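> Okay, handing you the structure first.
Numbering (the numbering used here), first residue to last: 53 to 138.
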């Protein structure tokens, strides 16, 4: 199989080279993903019950979220609920 990293990790990732070689696995990377790839990933996650580690916030909490970022008080990524823009 192939594991593709999209985006840059905060710290370097250790890679088990022998497991790649003997397991006939591949590791690839990309800074961005296209629409087709993104849809494939979302479909795969939906079929396998894979969820993202995010904290969804309404737009009214954007300043609070930014303050929390500055204080390093964030466990996951923030995702703004676009339905709250109305």
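All C-beta atoms in this analysis are idealised placements derived from N, C-alpha and C, irrespective of residue type, glycine included.
Source: prediction; values computed, not measured.
Closest to residue 112 by CA distance: which of 71, 84 and 131 is it?
Walking along the chain shown from the start, residue 112 turns up at place 60. When each option's Cα is compared against that of residue 112, the closest is 131.
> For residue 53, collect the residues of the same chain with a Cβ closer than 7 Å to its Cβ; drop the 5 residues on either side in sequence, then sort them by chain order.
The residue you call residue 53 lines up with position 1 of the chain shown. Once the five neighbours on either side are set aside, the close Cβ partners of residue 53 are 77.
> Would the beta-carbon of residue 56 fall within 8 Å of that of residue 81?
The residue labelled residue 56 in the question sits at position 4 within the chain shown. The residue labelled residue 81 in the question sits at position 29 within the chain shown. Yes; because the gap between Cβ atoms is below 8 Å, this pair is in contact.
> Would you mind reading off the limits of the beta strand (DSSP E) that contains residue 141?
Examination of residue 141 is not possible in this model, given that the chain is present from 53 through 138 alone.
> Does the distance from the C-beta atom of residue 106 to that of residue 120 stay below 8 Å?
Counted from its first residue, the chain shown places residue 106 at position 54. Counted from its first residue, the chain shown places residue 120 at position 68. Cβ distance not < 8 Å, so residue 106 and residue 120 don't count as in contact.
> Please list the terminal residues of the continuous alpha helix (DSSP H) segment that includes residue 69.
Residue 69 sits at position 17 when you count from the first residue of the chain shown. From DSSP, the alpha helix (DSSP H) with residue 69 extends over 69 to 74.
> Pull up the distance between the alpha-carbon of residue 115 and that of residue 138, whole angstroms please.
Position 63 of the chain shown, counting from 1, holds the residue named residue 115. Position 86 of the chain shown, counting from 1, holds the residue named residue 138. Their backbone Cα atoms lie some 18 Å apart in a straight line.
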